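Heads up: the sequence shown begins at 8 in my numbering, then just goes up one per residue. Cβ atoms here follow ideal geometry from the backbone N, Cα and C, with glycine treated the same way. Remember, predicted model here, so these are calculated numbers, not experimental data. Below: one structure, written as structure tokens.
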Amino acid sequence: MGYTSKQLSKLMVDKLRRTFGRDVSEATDADMFQTCALVLRDIMSANRVETREKNQKNNVRQVHYLSLEFLMGRSLEKNAFNLGVLPQLKAALKELGFEASDLFELEPDAGLGNGGLGRLAACYLESMSTQEIPATGYSICYELGLFKQKIVDGEQVELPDHWLNLGGSWLVTRPEDTEEVHFGGQVEVGFENGRHVVRHSGYTTVLAVPRDMKIAGYKTTFTNRLRLWDAKSPTPVDLSRFSSGEYVKAVEDKAMAEAIAKVLYPEDNHPEGKMLRLRQQYFFVSATIQSIVRKHKAKYGTLRNFHEKHAIQINDTHPTLVIPELMRILLDEEGYNWDDAWYITTHTVSYTNHTVLAEALERWPQDLIINLLPRIWLILDEISQKYQRQLEREFHGDMDRVGRNAIIWGGQVRMANLCVCACQAINGVSALHSDILKNDVFNDAYRRTPKKFLNVTNGIDHRRWLAQINPQLDELIRDVIGSDDYLLHPEQMKQFEKKATAATVKRLGEIKKANKVAFANWYAKETGIVLNTDAMFDVQAKRLHEYKRQLLNAMHIIYLYQRLKDDPNFEMTPRVYLFGAKAAPGYVMAKHIIHLINSLAATVNADPVCKDKLQVIFLENYRVSLAEKLMPAAELSEQISTAGKEASGTGNMKFMMNGALTIGTLDGANVEMCQQVKEENMFLFGLTADQVDARVRSGYHSYEYYSQSETLKHILDQIAKGFDDGVGYIDIVNSLLFGQNGGMADQYFLLADFESYRAAQALAGRTYLDQKKWNQMALINIARSGIFAADRAVAEYAKNIWKVPVRKA
Ligand code: 26Q
Numbered sequence: 008m009g010y011t012s013k014q015l016s017k018l019m020v021d022k023l024r025r026t027f028g029r030d031v032s033e034a035t036d037a038d039m040f041q042t043c044a045l046v047l048r049d050i051m052s053a054n055r056v057e058t059r060e061k062n063q064k065n066n067v068r069q070v071h072y073l074s075l076e077f078l079m080g081r082s083l084e085k086n087a088f089n090l091g092v093l094p095q096l097k098a099a100l101k102e103l104g105f106e107a108s109d110l111f112e113l114e115p116d117a118g119l120g121n122g123g124l125g126r127l128a129a130c131y132l133e134s135m136s137t138q139e140i141p142a143t144g145y146s147i148c149y150e151l152g153l154f155k156q157k158i159v160d161g162e163q164v165e166l167p168d169h170w171l172n173l174g175g176s177w178l179v180t181r182p183e184d185t186e187e188v189h190f191g192g193q194v195e196v197g198f199e200n201g202r203h204v205v206r207h208s209g210y211t212t213v214l215a216v217p218r219d220m221k222i223a224g225y226k227t228t229f230t231n232r233l234r235l236w237d238a239k240s241p242t243p244v245d246l247s248r249f250s251s252g253e254y255v256k257a258v259e260d261k262a263m264a265e266a267i268a269k270v271l272y273p274e275d276n277h278p279e280g281k282m283l284r285l286r287q288q289y290f291f292v293s294a295t296i297q298s299i300v301r302k303h304k305a306k307y308g309t310l311r312n313f314h315e316k317h318a319i320q321i322n323d324t325h326p327t328l329v330i331p332e333l334m335r336i337l338l339d340e341e342g343y344n345w346d347d348a349w350y351i352t353t354h355t356v357s358y359t360n361h362t363v364l365a366e367a368l369e370r371w372p373q374d375l376i377i378n379l380l381p382r383i384w385l386i387l388d389e390i391s392q393k394y395q396r397q398l399e400r401e402f403h404g405d406m407d408r409v410g411r412n413a414i415i416w417g418g419q420v421r422m423a424n425l426c427v428c429a430c431q432a433i434n435g436v437s438a439l440h441s442d443i444l445k446n447d448v449f450n451d452a453y454r455r456t457p458k459k460f461l462n463v464t465n466g467i468d469h470r471r472w473l474a475q476i477n478p479q480l481d482e483l484i485r486d487v488i489g490s491d492d493y494l495l496h497p498e499q500m501k502q503f504e505k506k507a508t509a510a511t512v513k514r515l516g517e518i519k520k521a522n523k524v525a526f527a528n529w530y531a532k533e534t535g536i537v538l539n540t541d542a543m544f545d546v547q548a549k550r551l552h553e554y555k556r557q558l559l560n561a562m563h564i565i566y567l568y569q570r571l572k573d574d575p576n577f578e579m580t581p582r583v584y585l586f587g588a589k590a591a592p593g594y595v596m597a598k599h600i601i602h603l604i605n606s607l608a609a610t611v612n613a614d615p616v617c618k619d620k621l622q623v624i625f626l627e628n629y630r631v632s633l634a635e636k637l638m639p640a641a642e643l644s645e646q647i648s649t650a651g652k653e654a655s656g657t658g659n660m661k662f663m664m665n666g667a668l669t670i671g672t673l674d675g676a677n678v679e680m681c682q683q684v685k686e687e688n689m690f691l692f693g694l695t696a697d698q699v700d701a702r703v704r705s706g707y708h709s710y711e712y713y714s715q716s717e718t719l720k721h722i723l724d725q726i727a728k729g730f731d732d733g734v735g736y737i738d739i740v741n742s743l744l745f746g747q748n749g750g751m752a753d754q755y756f757l758l759a760d761f762e763s764y765r766a767a768q769a770l771a772g773r774t775y776l777d778q779k780k781w782n783q784m785a786l787i788n789i790a791r792s793g794i795f796a797a798d799r800a801v802a803e804y805a806k807n808i809w810k811v812p813v814r815k816a
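Following this line, the structure appears as structure tokens:
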């Protein structure tokens, strides 16, 4: 491959003429963006043909990554980078009179995900292409991605995210691969000629039409796909309804069908039992498995070897219905008996768990499933009964244990228990998280079948999250190591530490400063607000959740502010606190916390006593493309969840890789970060997961901390009273001291951890004053972050779970 800027520019001029009927002189930035996207798409399509031929010939096992979320972000710069044409593309655009960075900025994020789980899926797709693993991602082509956030009078307001206009440039619709999905109706089960026969009638059909996005690998022509299903109503049926007088019903059905792909549910780590969400889940798994089965049969003529040729990864429980749906196809459409169907199914599927929060474990009311998916219900019921009989035998009738592990229980279907029952492999996403799954959440199942339980610590696409977004750091690493091999072999980042000199450390400091200035310039242009680039950039950017404890960070800022008010000469390392966070629209407490941070920011930023010392910024609409600007500029990374609650975290890894130091608890992957860099290169604080558990059991009384600490009293009193805007936050204080709706007070242990957090913050502040020391620590963090590359994680999935080979050096 390889294209010169001349060749690219010719392709672009031609594309512009032929597709848009325009000459370069009349083209807008948007025209040019689409032109670039189409030119790169063409290159990837050609690569894809090659890849498909190779896969066809090699007959290797294919990976199918099923996820309700893929948080892809932008693609133009990324694809150009992976295809090795980024410099040429920039040059070609310049020659045609366009600025590449303007076009990059024009691209809307493909925000088809909430947070960590969705972004992880995107990073893994990239890595699977790079490592030449034949793989397809499957999801829904949501018309509206995750809502856009505006802050109005300090509060979050949600706006719709229409991303498809320009973002759709990457998609190719494949009408010939349309699948039919059936909802509702009646089911009759009977026997005919000694065979069981299932008749499903009176159902409503929704068409699933694929829109495919190509996924380029780095330094390879190997190209995978993300298949996004769009929902369409089969209009001919509607027309017959029109004539038979069911006029309104026909229009309703159409709206119902097409509602499926309208919008991404914005709740993360908090499922709600909504009918439309269930429709989304079944729609997407049914279309996906039908499409896999159809291609398999065309190639092999039988499903006997299905499990040998396919590995299905279930990204959290959201795609769990793929299990009964594959059973349905094998039983009803292919005529397999139960045991054979079960064997094939269970040897195909694996499950990744992403959360241990009890309220986040997915359960569906059985009545909803009975009505919407009558045949799937019968299969679920049979799986559940067989499993339960087995559990009763093994647990010798201990019905508490049977109840905890049952699939259908108390009128609900528990998706996690179904996954644990049916999957070959079950994995957590960090060492600590996987241990909690084994020892706590799924302990009974672990004791029955210990070999099923694995750990695969998360990883990030280091090509995007380091090389692409932090080109100066990339250059420094390449200079020091003497090659760019680390981009395919992230473990080589270790060389960066071995070969670093005093000059490297100094250069690292200069790069960080330049990245801070670049971020500040961008921010000033967007908002008119000037950031103090001499101060430490202290960042907490992630979804807003009580367990992630943005409130603990805010409490500490309030503490600093109060110290400054008491004594304007109070010694502190100047800081700019940056927050980025979206709250689920229905999550009342999360919204209060956003409001609190904005009230606090307004007061602090306007108070002369804080000048050059303390600035608080709430970054509106945190998203992938904003993270890409922010990570390179961050100096302190806030990873302060209550220990035992954050399954892994992946932002923690992105900050580390960009040279931020971490202030954090021993939670999720922080534990493994600490193993890499040792305690002296992090700022650890707080209770451990075991200590949190012990305190829950022995009884935790946050009020005791409050009554014994003047500092805490002062902070909480201020929160209750509020700031200059006159808004008080008594609900927040009440939840810390008395609990919400009968729950435990301060269930995330903010008061218990506050003093330890304050001390860690003070140490971070003092350490920062010695810039040489700080930069040395940063260098160690970067150099030892290679293990958190997606390539390492994906290689582990390939070897231990999917049993597929990966690209050799
Ligand atoms: C489920 C049903 C109905 C509606 C919404 C949902 C739903 C949606 C998204 C439930 C959970 C999520 C997202 C969870 C998530 O992002 N978890 C994060 O996964 C990361 C990748 O493994 C981890 O690093 C984080 O620790 C974990 O919080």
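Simplified DSSP state of residue i, which is helix, strand or coil
i, result
"glutamine 138", "coil"
"histidine 314", "helix"
"methionine 543", "strand"
"lysine 779", "helix"
"phenylalanine 198", "strand"
"isoleucine 624", "strand"
"glutamine 569", "helix"
"threonine 362", "coil"
"glutamate 822", "This structure gives no information on residue 822, because the portion of the chain shown stretches from 8 to 816."
"glutamate 5", "Examination of residue 5 is not possible in this model, given that the chain is present from 8 through 816 alone."
"phenylalanine 526", "helix"
"glycine 144", "strand"
"leucine 694", "coil"
"glutamate 645", "strand"
Residue environment, residue i, which counts as buried when at least 16 other CB atoms sit within 10 Å
i, result
"threonine 143", "buried"
"serine 655", "buried"
"methionine 282", "exposed"
"isoleucine 476", "buried"
"threonine 230", "buried"
"arginine 202", "exposed"
"isoleucine 536", "exposed"
"alanine 44", "buried"
"asparagine 276", "buried"
"alanine 531", "exposed"
"lysine 780", "exposed"
Minimum C-alpha distance to residue i - residue among the options
i, options, result
"lysine 549", "Val67, Gly28 and Gly120", "Gly120"
"valine 699", "Lys685, Glu60, Gly746 and Ala650", "Ala650"
"leucine 75", "Ser146, Gly118 and Ala53", "Ser146"
"tyrosine 554", "Arg454, Ser648, Thr672 and Glu133", "Ser648"
"tryptophan 371", "Tyr343, Val420 and Thr327", "Val420"
"threonine 327", "Thr580, Ile414, Glu401 and Ser108", "Ile414"
"glutamate 279", "Leu368, Glu399 and Gln95", "Leu368"
Start-to-end residues for the beta strand (DSSP E) that takes in residue i
i, result
"leucine 607", "That residue, leucine 607, is in no beta strand (DSSP E); its alpha helix (DSSP H) goes 595-613."
"lysine 239", "230-239"
"lysine 618", "First-last for lysine 618: undefined, no H or E at that position."
"valine 179", "178-180"
"phenylalanine 586", "582-587"
"alanine 117", "117-119"
Continuous alpha helix (DSSP H) stretch holding residue i: start and end
i, result
"proline 94", "93-102"
"phenylalanine 291", "282-307"
"arginine 799", "797-803"
"aspartate 109", "107-113"
"threonine 718", "717-728"
"glutamate 482", "478-488"
"threonine 26", "12-27"
"glutamine 682", "677-684"
Nearest-residue set for ligand 1, Cβ under 7 Å from any heavy atom: Listed along the chain, these residues meet the criterion: Leu75, Glu76, Asn121, Gly122, Gly123, Leu124, Gly125, Leu127, Tyr272, Glu274, Asp275, Asn276, His277, Pro278, Glu279, Arg284, Asp323, His325, His361, Thr362, Ala367, Glu369, Val436, Asn465, Glu653, Ala654, Ser655, Gly656, Thr657 and Gly675.
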